[in-house]
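Quick note on numbering: the sequence shown equals residues -20 to -1, 1 to 204 in mature numbering (1 follows the signal peptide of the UniProt record, and there is no 0). Heads up, the beta-carbon is just placed ideally off N, CA and C, and yes, glycines get one too. Notes to accompany the following structure.
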Amino acid sequence: MNNFRLCLLSFILEIASVCGDPTMKAVLYKPGGVENLSIGTVPKPTAEKTRVLIRAEYTALNRADTLQRRGLYPAPPGESDILGLEVSGVIEEVGEECVGKWKIGDKVMSLLGGGGYAEYVAVEEALVMPVPDSYKLSDAAAIQSGVGTALVQLSRLAGASPYVTAGSEKKIKMAESLGAKEALTTKQEFLQLDRNCYWWKRSKCDSRLRWQFVLGTECQKPCR
(Lines of atoms letter the chains of each structure in order from A and count residues from 1; the text may use other names and numbers.)
(Lines give C-alpha, C1' and ligand atoms only; values in the text may rest on other atoms or scores of the structure.)
Protein backbone atom coordinates (compact mmCIF):
# COMPACT_ATOMS: atom_id res chain seq x y z
CA MET A 1 0.00 0.00 0.00
CA ASN A 2 2.82 2.39 0.87
CA ASN A 3 4.49 1.71 -2.48
CA PHE A 4 1.18 2.41 -4.24
CA ARG A 5 0.84 5.75 -2.41
CA LEU A 6 4.39 6.73 -3.33
CA CYS A 7 3.77 5.87 -6.98
CA LEU A 8 0.50 7.83 -6.96
CA LEU A 9 2.22 10.84 -5.38
CA SER A 10 5.04 10.69 -7.94
CA PHE A 11 2.47 10.52 -10.75
CA ILE A 12 0.59 13.55 -9.39
CA LEU A 13 3.80 15.55 -9.03
CA GLU A 14 4.83 14.63 -12.58
CA ILE A 15 1.46 15.76 -13.96
CA ALA A 16 1.69 19.00 -11.99
CA SER A 17 5.17 19.70 -13.34
CA VAL A 18 3.93 19.24 -16.91
CA CYS A 19 0.62 21.07 -16.62
CA GLY A 20 1.74 23.75 -14.21
CA ASP A 21 0.29 24.62 -10.82
CA PRO A 22 -3.42 25.51 -11.28
CA THR A 23 -3.40 27.63 -8.13
CA MET A 24 -1.84 30.92 -7.07
CA LYS A 25 -1.34 33.10 -4.02
CA ALA A 26 -3.65 36.07 -3.47
CA VAL A 27 -4.61 38.54 -0.76
CA LEU A 28 -7.90 37.46 0.79
CA TYR A 29 -10.12 39.59 2.99
CA LYS A 30 -13.18 39.71 5.17
CA PRO A 31 -15.09 43.00 5.56
CA GLY A 32 -13.37 45.14 8.16
CA GLY A 33 -9.91 46.50 8.86
CA VAL A 34 -6.48 45.54 7.61
CA GLU A 35 -6.30 42.86 10.29
CA ASN A 36 -8.73 40.85 8.14
CA LEU A 37 -6.30 40.65 5.22
CA SER A 38 -4.48 37.37 4.71
CA ILE A 39 -2.58 35.49 2.01
CA GLY A 40 -4.25 32.36 0.72
CA THR A 41 -4.37 29.97 -2.22
CA VAL A 42 -6.99 30.40 -4.95
CA PRO A 43 -7.52 28.98 -8.46
CA LYS A 44 -5.24 30.48 -11.08
CA PRO A 45 -7.18 32.22 -13.90
CA THR A 46 -6.68 31.40 -17.55
CA ALA A 47 -6.60 33.50 -20.71
CA GLU A 48 -9.96 32.60 -22.18
CA LYS A 49 -11.14 33.98 -25.53
CA THR A 50 -10.28 37.71 -25.65
CA ARG A 51 -8.38 37.81 -22.36
CA VAL A 52 -4.68 37.83 -21.63
CA LEU A 53 -3.10 36.37 -18.52
CA ILE A 54 -0.75 38.76 -16.75
CA ARG A 55 1.87 37.64 -14.26
CA ALA A 56 1.54 40.48 -11.79
CA GLU A 57 4.74 42.22 -10.75
CA TYR A 58 3.21 45.28 -9.07
CA THR A 59 -0.17 46.56 -7.97
CA ALA A 60 -1.35 49.84 -6.44
CA LEU A 61 -3.55 50.88 -3.55
CA ASN A 62 -6.75 52.49 -4.79
CA ARG A 63 -9.25 54.25 -2.54
CA ALA A 64 -11.89 51.87 -3.88
CA ASP A 65 -9.80 49.00 -2.47
CA THR A 66 -10.21 50.40 1.04
CA LEU A 67 -13.96 50.77 0.49
CA GLN A 68 -14.26 47.22 -0.86
CA ARG A 69 -12.32 45.91 2.11
CA ARG A 70 -14.92 47.53 4.36
CA GLY A 71 -17.77 45.97 2.38
CA LEU A 72 -18.84 49.26 0.76
CA TYR A 73 -17.66 48.74 -2.83
CA PRO A 74 -18.61 45.31 -4.23
CA ALA A 75 -16.84 43.99 -7.30
CA PRO A 76 -18.75 44.43 -10.59
CA PRO A 77 -20.73 41.37 -11.76
CA GLY A 78 -18.45 38.78 -13.30
CA GLU A 79 -15.25 40.29 -11.90
CA SER A 80 -12.92 38.81 -9.31
CA ASP A 81 -13.72 39.36 -5.63
CA ILE A 82 -9.99 39.71 -4.99
CA LEU A 83 -8.92 43.27 -4.20
CA GLY A 84 -6.77 45.29 -6.59
CA LEU A 85 -7.86 47.58 -9.42
CA GLU A 86 -4.47 48.25 -11.01
CA VAL A 87 -1.65 45.98 -12.04
CA SER A 88 1.54 45.90 -14.06
CA GLY A 89 3.41 42.83 -15.13
CA VAL A 90 4.27 40.48 -17.97
CA ILE A 91 1.91 38.64 -20.31
CA GLU A 92 2.12 34.90 -19.75
CA GLU A 93 -0.75 33.68 -21.93
CA VAL A 94 -2.84 35.12 -24.79
CA GLY A 95 -6.44 34.08 -25.48
CA GLU A 96 -7.17 32.46 -28.84
CA GLU A 97 -9.64 35.20 -29.85
CA CYS A 98 -7.40 38.16 -29.05
CA VAL A 99 -7.00 40.47 -32.04
CA GLY A 100 -4.21 42.65 -30.68
CA LYS A 101 -0.50 42.15 -31.25
CA TRP A 102 0.08 40.90 -27.71
CA LYS A 103 2.66 38.21 -27.20
CA ILE A 104 4.06 36.30 -24.27
CA GLY A 105 6.69 38.36 -22.47
CA ASP A 106 5.18 41.80 -23.24
CA LYS A 107 5.37 44.30 -20.38
CA VAL A 108 1.89 45.68 -19.76
CA MET A 109 -0.30 47.59 -17.32
CA SER A 110 -4.05 47.44 -16.82
CA LEU A 111 -7.01 48.93 -15.00
CA LEU A 112 -9.05 46.08 -13.53
CA GLY A 113 -12.47 45.27 -12.18
CA GLY A 114 -10.67 43.31 -9.47
CA GLY A 115 -7.98 40.70 -8.94
CA GLY A 116 -4.82 42.81 -8.78
CA TYR A 117 -3.71 41.55 -5.36
CA ALA A 118 -2.70 38.17 -6.76
CA GLU A 119 0.13 36.47 -8.60
CA TYR A 120 -1.86 36.34 -11.85
CA VAL A 121 -4.85 38.15 -13.31
CA ALA A 122 -6.83 37.55 -16.52
CA VAL A 123 -7.84 40.78 -18.25
CA GLU A 124 -9.81 41.68 -21.37
CA GLU A 125 -7.23 42.72 -23.97
CA ALA A 126 -9.07 46.03 -24.52
CA LEU A 127 -8.08 47.04 -20.98
CA VAL A 128 -4.39 46.22 -21.43
CA MET A 129 -1.79 48.86 -22.30
CA PRO A 130 1.88 48.40 -23.19
CA VAL A 131 4.46 49.75 -20.77
CA PRO A 132 6.98 51.94 -22.63
CA ASP A 133 10.63 50.99 -22.25
CA SER A 134 11.21 54.32 -20.50
CA TYR A 135 8.85 53.32 -17.65
CA LYS A 136 9.49 50.92 -14.82
CA LEU A 137 6.80 48.36 -14.02
CA SER A 138 6.76 49.75 -10.48
CA ASP A 139 5.74 53.16 -11.84
CA ALA A 140 3.31 51.80 -14.41
CA ALA A 141 1.15 50.06 -11.82
CA ALA A 142 -0.36 53.34 -10.61
CA ILE A 143 -0.58 55.29 -13.88
CA GLN A 144 -4.16 54.19 -14.54
CA SER A 145 -5.49 55.98 -11.46
CA GLY A 146 -4.21 59.40 -12.49
CA VAL A 147 -7.12 59.93 -14.88
CA GLY A 148 -8.14 63.37 -13.64
CA THR A 149 -4.64 64.82 -13.46
CA ALA A 150 -3.82 63.46 -16.91
CA LEU A 151 -7.01 64.82 -18.48
CA VAL A 152 -6.43 68.35 -17.19
CA GLN A 153 -3.00 68.45 -18.81
CA LEU A 154 -4.10 66.74 -22.03
CA SER A 155 -7.03 69.16 -22.32
CA ARG A 156 -4.70 72.14 -22.10
CA LEU A 157 -2.36 70.63 -24.68
CA ALA A 158 -5.37 70.21 -26.98
CA GLY A 159 -6.27 73.88 -26.57
CA ALA A 160 -9.31 73.29 -24.33
CA SER A 161 -10.19 75.04 -21.07
CA PRO A 162 -10.70 72.35 -18.40
CA TYR A 163 -13.16 73.01 -15.57
CA VAL A 164 -12.90 70.56 -12.69
CA THR A 165 -14.47 69.66 -9.38
CA ALA A 166 -12.46 68.48 -6.39
CA GLY A 167 -13.14 67.40 -2.84
CA SER A 168 -10.88 69.85 -1.00
CA GLU A 169 -9.04 73.16 -1.34
CA LYS A 170 -5.74 71.27 -1.48
CA LYS A 171 -6.92 69.29 -4.50
CA ILE A 172 -8.25 72.46 -6.13
CA LYS A 173 -4.83 74.10 -5.88
CA MET A 174 -3.24 71.02 -7.41
CA ALA A 175 -5.74 71.03 -10.31
CA GLU A 176 -5.08 74.71 -10.95
CA SER A 177 -1.32 74.11 -10.90
CA LEU A 178 -1.83 71.48 -13.63
CA GLY A 179 -3.72 73.93 -15.82
CA ALA A 180 -7.38 73.87 -14.79
CA LYS A 181 -9.06 77.11 -15.86
CA GLU A 182 -11.45 76.92 -12.94
CA ALA A 183 -11.76 74.46 -10.06
CA LEU A 184 -14.70 74.24 -7.68
CA THR A 185 -15.46 72.04 -4.72
CA THR A 186 -18.97 70.85 -5.56
CA LYS A 187 -21.18 70.18 -8.56
CA GLN A 188 -23.69 72.69 -7.19
CA GLU A 189 -21.15 75.50 -7.52
CA PHE A 190 -20.83 74.63 -11.20
CA LEU A 191 -24.57 74.94 -11.68
CA GLN A 192 -24.46 78.41 -10.14
CA LEU A 193 -21.99 79.63 -12.73
CA ASP A 194 -23.32 82.11 -15.27
CA ARG A 195 -22.48 79.81 -18.17
CA ASN A 196 -24.26 77.69 -20.71
CA CYS A 197 -23.54 74.33 -19.10
CA TYR A 198 -25.05 70.99 -18.26
CA TRP A 199 -24.14 67.51 -16.98
CA TRP A 200 -23.97 64.78 -19.55
CA LYS A 201 -23.68 60.99 -19.09
CA ARG A 202 -21.21 59.22 -21.35
CA SER A 203 -22.23 55.82 -22.65
CA LYS A 204 -19.06 54.21 -24.02
CA CYS A 205 -16.20 55.55 -21.95
CA ASP A 206 -14.06 54.58 -19.01
CA SER A 207 -16.12 53.97 -15.87
CA ARG A 208 -13.89 56.36 -13.94
CA LEU A 209 -15.27 59.11 -16.25
CA ARG A 210 -18.94 58.26 -16.05
CA TRP A 211 -19.89 61.91 -15.72
CA GLN A 212 -18.30 64.77 -17.55
CA PHE A 213 -18.92 68.49 -17.21
CA VAL A 214 -19.61 70.02 -20.59
CA LEU A 215 -19.59 73.76 -21.32
CA GLY A 216 -21.88 74.69 -24.16
CA THR A 217 -24.32 72.59 -26.13
CA GLU A 218 -22.03 72.56 -29.15
CA CYS A 219 -19.28 70.60 -27.36
CA GLN A 220 -18.11 67.54 -29.26
CA LYS A 221 -18.06 64.11 -27.67
CA PRO A 222 -14.44 63.55 -26.53
CA CYS A 223 -14.37 59.74 -26.75
CA ARG A 224 -15.34 57.63 -29.73
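{"query": "Can you give me the start and stop residues for the beta strand (DSSP E) that Val101 sits inside?", "result": "Tyr100 to Glu104"}
{"query": "Would Ala36 be called buried (16 or more neighbouring beta carbons within 10 Å of its own) or exposed?", "result": "buried"}
{"query": "Can you tell me whether Ser141 is helix, strand or coil according to DSSP?", "result": "coil"}
{"query": "By how many angstroms is the C-alpha of Leu131 removed from the C-alpha of Ala163?", "result": "14 angstroms"}
{"query": "Where does the unbroken alpha helix (DSSP H) through Ala121 begin, and where does it stop?", "result": "Looking at the DSSP string, Ala121 is not in any alpha helix (DSSP H), and its letter there is neither H nor E."}
{"query": "With 16 as the cutoff for other CB atoms within 10 Å, does Asn42 come out buried or exposed?", "result": "buried"}
{"query": "How many whole angstroms separate the CB atoms of Leu137 and Tyr97, which I take to be in contact at a CB cut-off of 8 angstroms?", "result": "34 angstroms between Cβ atoms; not a contact."}
{"query": "Since Gly20 sits in a beta bridge, which residues does DSSP pair it with?", "result": "Ala6"}
{"query": "Looking at the secondary structure, which residues open and close the alpha helix (DSSP H) in which Ala155 lies?", "result": "Glu149 to Leu158"}
{"query": "Take Ser114 as the anchor and find which of Ser135, Tyr38 and Lys87 has the nearest alpha-carbon.", "result": "Lys87"}
{"query": "What residue from Ser118, Pro110, Ala55 and Lys153 has the CA that sits closest to Thr129's CA?", "result": "Lys153"}
{"query": "Within the region 62 to 88, note down every full beta strand (DSSP E) run reaching 3 residues or more, in order along the chain.", "result": "66 to 74"}
{"query": "How many angstroms separate the CA atom of Ser118 from the CA atom of Pro110?", "result": "14 angstroms"}
{"query": "Which residues mark the beginning and the end of the beta strand (DSSP E) in which Arg49 is found?", "result": "From DSSP, Arg49 is part of no beta strand (DSSP E) but of the alpha helix (DSSP H) over Arg43 to Arg49."}
{"query": "Suppose contacts are defined by Cβ-Cβ distances below 7 angstroms. Is Ala122 in contact with Val74 by that definition?", "result": "no"}
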